[in-house]
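Count along the sequence shown from 1, then add 78; that gives the number in our numbering. Every residue gets a Cβ at the ideal spot worked out from N, C-alpha and C, and that includes glycine. Bear in mind that the values here come from a model prediction, so they are computed numbers and not experimental data. Here the structure comes first, spelled out in structure tokens, and everything after it is commentary.
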Amino acid sequence: MQNYKKVGLMSELTTIARPYAKAAFDFAVEQSAVDKWAEMLGFSSEVIKDETVQAFLKSSLSANKLADTIIAICGDQLDQYGQNLIRLMAENKRLTVLPAVYQEFQHYVEEHRKTAEVQVISAQPLNAQQEEKIAVAMEKRLARKVKLNCSLDSSLIAGVIIRTDDFVIDGSSRGQLARLANELQL
């Protein structure tokens with residue numbers, strides 16, 4: 079039952095966040111400032127996630143005071159347009175939704191750039207040729223540009239695990255051994 083509440087809350091946050099994210103994204107594209115907006119939203123989102131700030135946002139202070147404080151904390155990280163977004167969200171009592179706005183904004187950026195993040199976990203560091211081969215294969219499979227995020231996990235023994243939002247390809251020795259053990263138990 080609690081998972082349903084969590085999913086419902088996440089869905090509600092997304093519904094609230096989407097118009098803010100879309101407006102910010104459209105404006106950022108119009109101004110050729112997508113990266114700048116991503117930085118501003120990312121930074122202010124981290125500020126909002128802070129426990130002390132969360133408690134502060136629940137206080138009975140006016141929207142102007144809340145906005146002024148968040149803007150002061152963010153300092154030079156926000157330009158005048160970023161500050162305007164903070165003020166608008168404060169007026170609408172939506173500052174706590176800012177992390178979800180940032181997530182939605184990132185989805186718009188990915189769609190705009192037609193990129194997908196792909197996690198590549200390997201037992202040993204990959205060389206440039208291996209990374210290129212994985213990138214080409216994933217771009218073909220996903221029909222979009224990919225950004226590889228490579229990391230190491232020595233417990234894999236050998237091989238790689240490739241993850242996207244949609245699927246996992248486990249080509250690690252550990253994964254192959256687990257599948258073999260499962261087959262043998264039949």
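Starting from residue i, trace the beta strand (DSSP E) in both directions and tell me its first and last residue.
i, result
"S229", "K223 to L230"
"V45", "The chain is shown from 79 up to 264; residue 45 falls before or after that span and cannot be answered."
Assuming residue i contacts residue j under a Cβ cut-off of 8 angstroms, what Cβ separation, rounded to an integer in Å, is found between them?
i, j, result
"R222", "A178", "Their Cβ separation, rounded to whole angstroms, is 24 angstroms, which puts R222 and A178 out of contact at 8 angstroms."
"R252", "I240", "No, R252 and I240 are not in contact; Cβ-Cβ is about 14 angstroms, not under 8 angstroms."
"A145", "A111", "A145 to A111, Cβ: 21 angstroms. No contact."
"S122", "I148", "7 angstroms"
"V187", "A116", "6 angstroms"
"E182", "A99", "3 angstroms"
"Y159", "F105", "7 angstroms"
"I151", "V125", "5 angstroms"
Check the DSSP bridge columns for residue i and list the partner residues they point to.
i, result
"V198", "C228 and I240"
"T193", "K223"
Could you check where the alpha helix (DSSP H) with residue i kicks off and where it finishes?
i, result
"D265", "Residue coverage of the chain in this structure runs from 79 to 264, which leaves residue 265 outside it and unanswerable."
"L166", "Q158 to E169"
"Q155", "Unbroken run through Q155: none, as it is neither H nor E."
"I126", "V112 to K127"
Is residue j closer than 8 angstroms to residue i when the C-beta atoms are compared?
i, j, result
"A102", "L91", "no"
"A259", "D231", "no"
"V196", "K225", "yes"
"C228", "L262", "no"
"L139", "L173", "no"
**Request:** Report yes or no: do three or more beta-carbon pairs, one from the segment 212 to 222 and one from the segment 160 to 167, lie closer than 8 angstroms?
**Result:** A contact is defined here as three or more CB-CB pairs under 8 angstroms, and the segment 212 to 222 fails this definition with respect to the segment 160 to 167.
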